[in-house]
Amino acid sequence: MKLKKPTLLVQVLIAVALGVLFGQFMPHAIARIFVTFNGLFGNFLSFAIPLIIVGLIIPAIADLGKGAGRMLLLTAVMAYGFTLFSGFFTFFVCDPIFPNMISSGQGVAEIAESNEALKPYFVVDMPPLMNIMTALLLAFCVGLGLSAVEGVALKRACEDFRDIVTMLISKVIVPLLPLHIFGIFLNMTVTGQVASVMSVFIKIIVVIFILHVLLLVLQFCIAGVVGGKNPFKLLGNMLPAYFTALGTQSSAATIPVTLQQAIKNGVAPNIATFVIPLCATIHLSGSTMKIVACSMAVLLMNGLGIDFGSYAGFIFMLGITMVAAPGVPGGAIMAALGVLEGFLGFGEMEQALMIALYIAMDSFGTACNVTGDGAIAVIIDRIAGKKDKVNA
Numbered sequence: 214m215k216l217k218k219p220t221l222l223v224q225v226l227i228a229v230a231l232g233v234l235f236g237q238f239m240p241h242a243i244a245r246i247f248v249t250f251n252g253l254f255g256n257f258l259s260f261a262i263p264l265i266i267v268g269l270i271i272p273a274i275a276d277l278g279k280g281a282g283r284m285l286l287l288t289a290v291m292a293y294g295f296t297l298f299s300g301f302f303t304f305f306v307c308d309p310i311f312p313n314m315i316s317s318g319q320g321v322a323e324i325a326e327s328n329e330a331l332k333p334y335f336v337v338d339m340p341p342l343m344n345i346m347t348a349l350l351l352a353f354c355v356g357l358g359l360s361a362v363e364g365v366a367l368k369r370a371c372e373d374f375r376d377i378v379t380m381l382i383s384k385v386i387v388p389l390l391p392l393h394i395f396g397i398f399l400n401m402t403v404t405g406q407v408a409s410v411m412s413v414f415i416k417i418i419v420v421i422f423i424l425h426v427l428l429l430v431l432q433f434c435i436a437g438v439v440g441g442k443n444p445f446k447l448l449g450n451m452l453p454a455y456f457t458a459l460g461t462q463s464s465a466a467t468i469p470v471t472l473q474q475a476i477k478n479g480v481a482p483n484i485a486t487f488v489i490p491l492c493a494t495i496h497l498s499g500s501t502m503k504i505v506a507c508s509m510a511v512l513l514m515n516g517l518g519i520d521f522g523s524y525a526g527f528i529f530m531l532g533i534t535m536v537a538a539p540g541v542p543g544g545a546i547m548a549a550l551g552v553l554e555g556f557l558g559f560g561e562m563e564q565a566l567m568i569a570l571y572i573a574m575d576s577f578g579t580a581c582n583v584t585g586d587g588a589i590a591v592i593i594d595r596i597a598g599k600k601d602k603v604n605a
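In this note's numbering, the protein residues as written are 214 to 605.
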């Protein structure tokens with residue numbers, strides 16, 4: 214009987230546990246092998262991030278420029294608006310709370326520079342082809358251009374490149390993430406920082422779970438006001454989709470249930486069959502919430518301040534990047550690494566902690582995303598219904 218491969222969440226949890234365990238007694242000569250791998254993987258990730266940005270964002274923007282016209286634009290704007298709402302809601306809630314929860318002791322960036330930290334045997338430089346902002350600007354320019362012209366050949370080339378990047382993420386980067394995280398926590402255990410980091414992890418996970426619940430209530434209150442329906446009944450009807458997403462950790466796999474429950478909420482079947490599959494790809498409010506909250510925590514752990522001006526630009530750009538996130542486990546955080554580096558200056562250590570934190574809550578973020586899709590469907594159904602009455 215063939216054994217089922219553990220989910221990425223299970224693999225990451227095992228990697229964290231083993232990193233903490235083996236860090237207690239593993240000989241430094243052996244441990245430095247894993248630290249050497251971390252250095253190589255981190256440099257390769259830095260090389261790959263601009264390629265990921267270009268490969269994912271160009272086809273995403275190009276696809277949104279055409280298609281179903283007004284309905285497509287309306288749904289995309291609504292999804293982006295909900296994503297921005299999630300990001301700013303998270304910022305304003307966490308900004309006064311996190312400083313009281315997270316002490317700014319030795320920062321995660323200083324762990325790598327500590328004299329007690331393990332050093333790699335060798336380092337191989339892998340300079341990226343372009344910096345993060347250049348990649349973002351290139352992606353926007355080409356994507357918007359393709360949405361306006363009939364560039365069939367270039368569009369197909371960009372779609373092929375997107376497939377290559379998606380394969381790189383799903384077949385190379387994501388499978389190696391647990392080993393990378395193992396090395397990070399192994400090194401943190403050697404420096405004696407793992408206890409404080411793990412305590413922060415637990416606090417953040419509890420806070421984000423509560424924020425997810427509040428976000429869904431707010432989203433469905435908005436949908437209830439627009440749609441003229443009871444928001445709590447709407448949210449209650451979407452709970453089967455929420456729990457299905459918790460189990461599958463996949464927005465795409467949950468589409469049949471989300472679609473069924475959206476129709477149960479009174480959304481017209483033709484609207485639901487358009488909005489729900491599209492939102493499964495472009496609406497990531499829960500994922501945005503996790504990334505914003507976790508990034509704020511990592512900054513505070515480094516003893517750095519949180520500036521609203523910097524975060525406003527970060528959230529606006531993150532919302533666009535989430536639209537391009539590939540539908541693989543951990544795909545959203547991989548797409549966001551470039552924005553984290555470009556706007557917040559996250560290095561290898563900070564990125565690894567972000568990945569570990571994000572994946573630890575991956576199922577809750579996915580559940581929040583797909584449940585919120587139901588709120589968007591109610592709003593689009595109401596707007597489309599009014600438009601049809603006016604046209605009639």
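Beta carbons are placed, not taken as given, at the ideal position from N, Cα and C, and that holds for glycine.
Residue of the options minimising C-alpha distance to residue i
i    : options                : result
F527 : A565, L513, N515, A506 : A506
V430 : M346, F301, P444       : P444
L428 : F247, A580, V267       : A580
A597 : F556, V439, V419, A548 : V439
A348 : I262, V419, L399, R375 : I262
Y455 : L557, C307, A493, I533 : A493
M291 : L491, I568, L367       : L491
F254 : A228, I386, P341       : I386
F487 : R369, S299, V591, M380 : V591
L367 : A352, V552, L497       : A352
V248 : I468, T402, E554, I489 : T402
T379 : L566, L553, G294, A548 : A548
A230 : L331, I246, A525, A569 : A569
I519 : I533, I382, C307       : C307
I310 : A289, I417, P388, P219 : I417
M343 : M562, A370, D373, G555 : G555
M284 : A485, I271, T457       : A485
L350 : G294, M567, I533       : I533
Assigned exposure category for residue i - 16 Cβ within 10 Å defines buried
i    : result
H425 : buried
Q237 : exposed
S412 : exposed
N483 : exposed
T584 : buried
I243 : exposed
V337 : exposed
H241 : exposed
G280 : Confidence is the limiting factor: at G280 the pLDDT is only 47, short of 50, which leaves the residue's position unreliable, though a coordinate-based value still follows. With fewer than 16 Cβ atoms within 10 Å of its Cβ, G280 is classed as exposed.
V365 : exposed
P340 : exposed
R375 : buried
P469 : exposed
F521 : exposed
F298 : buried
N582 : buried
Alpha-carbon to alpha-carbon, residue j and residue i
i    : j    : result
I394 : V480 : 43 Å
D594 : V536 : 22 Å
I423 : Y571 : 15 Å
T296 : V511 : 21 Å
A588 : L531 : 21 Å
L447 : G437 : 8 Å
I421 : K503 : 7 Å
V267 : I377 : 12 Å
I546 : P391 : 14 Å
E560 : S508 : Sequence inspection shows Gly at residue 560; the Glu mentioned does not correspond to that position. C-alpha separation (whole angstroms): 12 Å.
K384 : S259 : 17 Å
A361 : V355 : 10 Å
G441 : F301 : 26 Å
F433 : P453 : 15 Å
V225 : G396 : 12 Å
Y334 : S523 : 37 Å
L557 : K477 : 42 Å
I265 : A275 : 16 Å
A565 : L553 : 12 Å
S464 : P388 : 20 Å
Reduced DSSP secondary structure (H/G/I, E/B, other) of residue i
i    : result
E554 : helix
E563 : helix
G280 : Unreliable placement is indicated for G280, whose pLDDT of 47 sits below 50; the coordinate value is still reported in the next sentence. Coil, per DSSP.
K446 : helix
S327 : Since pLDDT at S327 reaches only 48, below the 50 mark, its modelled position is unreliable, and no value is offered.
M380 : helix
A366 : helix
K477 : helix
G300 : helix
I519 : coil
N344 : coil
Contact belief for residue i with residue j at Cβ below 8 Å, rounded distance in angstroms
i    : j    : result
G499 : F577 : 7 Å
L513 : I315 : 4 Å
T471 : D586 : 6 Å
G232 : F414 : Not really, about 13 Å apart at Cβ, beyond 8 Å.
I345 : G551 : 5 Å
Residue-chain proximity (residue i, chain B), Cβ-Cβ < 8 Å
i    : result
K218 : Among the chains of the structure shown, chain B does not appear; only one protein chain is present.
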